[in-house]
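Data first, discussion second: the structure below is written as structure tokens.
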Amino acid sequence: MAKFIDNPLDIISVDTKIKTIDVKNKDLYLIINVSGGTSTKYKIHSDSRFSIEYIEKKIKNKKKDSDIIIREDSERRYLYIEIDNEIMQVTGTKI
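Read in order, the letters of the sequence shown correspond to residues 36 to 130 in the working numbering.
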């Protein structure tokens with residue numbers, strides 16, 4: 036069973052939703068549901084480093100036993116998402 040390292044509990048499900056803001060900008064809403072009935076929500080913005088579609092694809096296609104590690108730099112509004120030893124620095128916040 037994969038672990039959610041921000042809160043090392045078993046991941047029950049990972050839900051994503053892309054919301055188009057305008058022609059250039061999209062947001063990815065990420066909800067990680069863990070054992071114990073809690074969930075953690077993130078809002079990830081369009082970014083020049085990684086497209087919203089790429090981030091969503093990495094999250095949805097992760098191996099079942101791969102952990103998700105998310106660290107937040109709230110001062111700079113960055114999220115560091117690590118899946119399968121790949122770290123993605125993206126613009127976003129925990130909501």
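Ideal Cβ positions, reconstructed from N, Cα and C, are used throughout, including at glycine.
Using the beta-carbon count (16 or more within 10 Å), is residue i buried or exposed?
i	result
Ile130	exposed
Val58	exposed
Asp100	exposed
Ile56	exposed
Ile67	buried
Gly127	buried
Tyr77	buried
Cα separation between residue i and residue j?
i	j	result
Ser70	Asp50	15 Å
Ile103	Ile116	7 Å
Gln124	Leu114	6 Å
Ser74	Ile105	13 Å
Ile94	Ser109	21 Å
Ser81	Glu107	17 Å
Leu65	Arg112	16 Å
Run through the DSSP bridge pairs and tell me what residue i is partnered with.
i	result
Gly127	Ile79
Lys54	Asp62
Cβ of residue i within 7 Å of Cβ of residue j?
i	j	result
Ile118	Ile87	no
Leu63	Ile47	no
Uninterrupted beta strand (DSSP E) stretches inside the segment 74 to 122 (no shorter than 3 residues): Whole beta strand (DSSP E) segments, 3+ residues: 74 to 80, 103 to 108, 113 to 118.
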